[in-house]
Amino acid sequence: MVASLAMGQSMTLIPGVISLTRINNTGAAWSILAGHQEIFVIIALLALVAIGYFLIRYWKNISYRLGLSLLIAGTAGNVIDRIFSGHVVDMFQLDFINFPIFNCADTFLTIGIIVLGIAVLREQ
Numbered sequence: 000m001v002a003s004l005a006m007g008q009s010m011t012l013i014p015g016v017i018s019l020t021r022i023n024n025t026g027a028a029w030s031i032l033a034g035h036q037e038i039f040v041i042i043a044l045l046a047l048v049a050i051g052y053f054l055i056r057y058w059k060n061i062s063y064r065l066g067l068s069l070l071i072a073g074t075a076g077n078v079i080d081r082i083f084s085g086h087v088v089d090m091f092q093l094d095f096i097n098f099p100i101f102n103c104a105d106t107f108l109t110i111g112i113i114v115l116g117i118a119v120l121r122e123q
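Residue numbers for the sequence shown follow numbering that gives the first Met the number 0, so the first one is 0 and each next one is one higher.
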């Protein structure tokens, strides 16, 4: 569905709530450091190694396993796009708030961080 949208074109999914808007993002959120793909790829690959280590170390903790797995999925999704396309395709636009357009990988990263945060707080 997103592939059929022209760059910058929008399609409303739920009026006033969410739309699909296709953009190519060569930066991070809000296009920070746009055009510096090599930095993002190196950081993401290092992050994947670190997250993989923690996933193995904390495998028995289901909350950590879920959160870290979501971080791996989100990081891998974005880094694969950056390596093969030179950008990530962002598509989800929240119509009720001024917020950057994002993709599924960004959602996985956000949920993974929330899950890990809750898991850490529950242990204290």
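Glycine included, C-beta positions come from ideal geometry on N, C-alpha and C.
Check: Give me, in chain order, the residues of the same chain whose beta-carbon lies closer than 7 Å to that of residue 12; leave out the 5 immediate sequence neighbours on both sides.; Outcome: 18, 19
Check: Mind checking which residues open and close the alpha helix (DSSP H) that includes residue 25?; Outcome: Premise fails: residue 25 is in no alpha helix (DSSP H) and is neither H nor E.
Check: Alpha carbon to alpha carbon, how far is residue 46 from residue 7? Give it in angstroms, no decimals.; Outcome: 30 Å
Check: Compute the Euclidean distance between the alpha carbons of residue 57 and residue 92, then round it to the nearest angstrom.; Outcome: 35 Å
Check: Name the two residues that bound the continuous beta strand (DSSP E) containing residue 92.; Outcome: 87–93
Check: So is residue 107 buried or exposed if we call it buried at 16+ other beta carbons inside 10 Å?; Outcome: buried
Check: Taking the beta strand (DSSP E) that residue 32 falls in, what are its first and last residues?; Outcome: Here residue 32 belongs to no beta strand (DSSP E), and DSSP marks it neither H nor E.
Check: With H, G and I counted as helix, E and B as strand and the rest as coil, what does DSSP make of residue 12?; Outcome: strand
Check: Which one of 74, 101, 83 has the shortest CA to CA distance from residue 51?; Outcome: 74
Check: Check whether the Cβ atoms of residue 81 and residue 39 lie closer than 7 Å to each other.; Outcome: yes
Check: For residue 41, count neighbouring Cβ atoms within 10 angstroms of its own Cβ and tell me buried if that reaches 16, exposed if not.; Outcome: exposed
Check: State the beta-bridge partners of residue 18 as determined by DSSP.; Outcome: 11, 92
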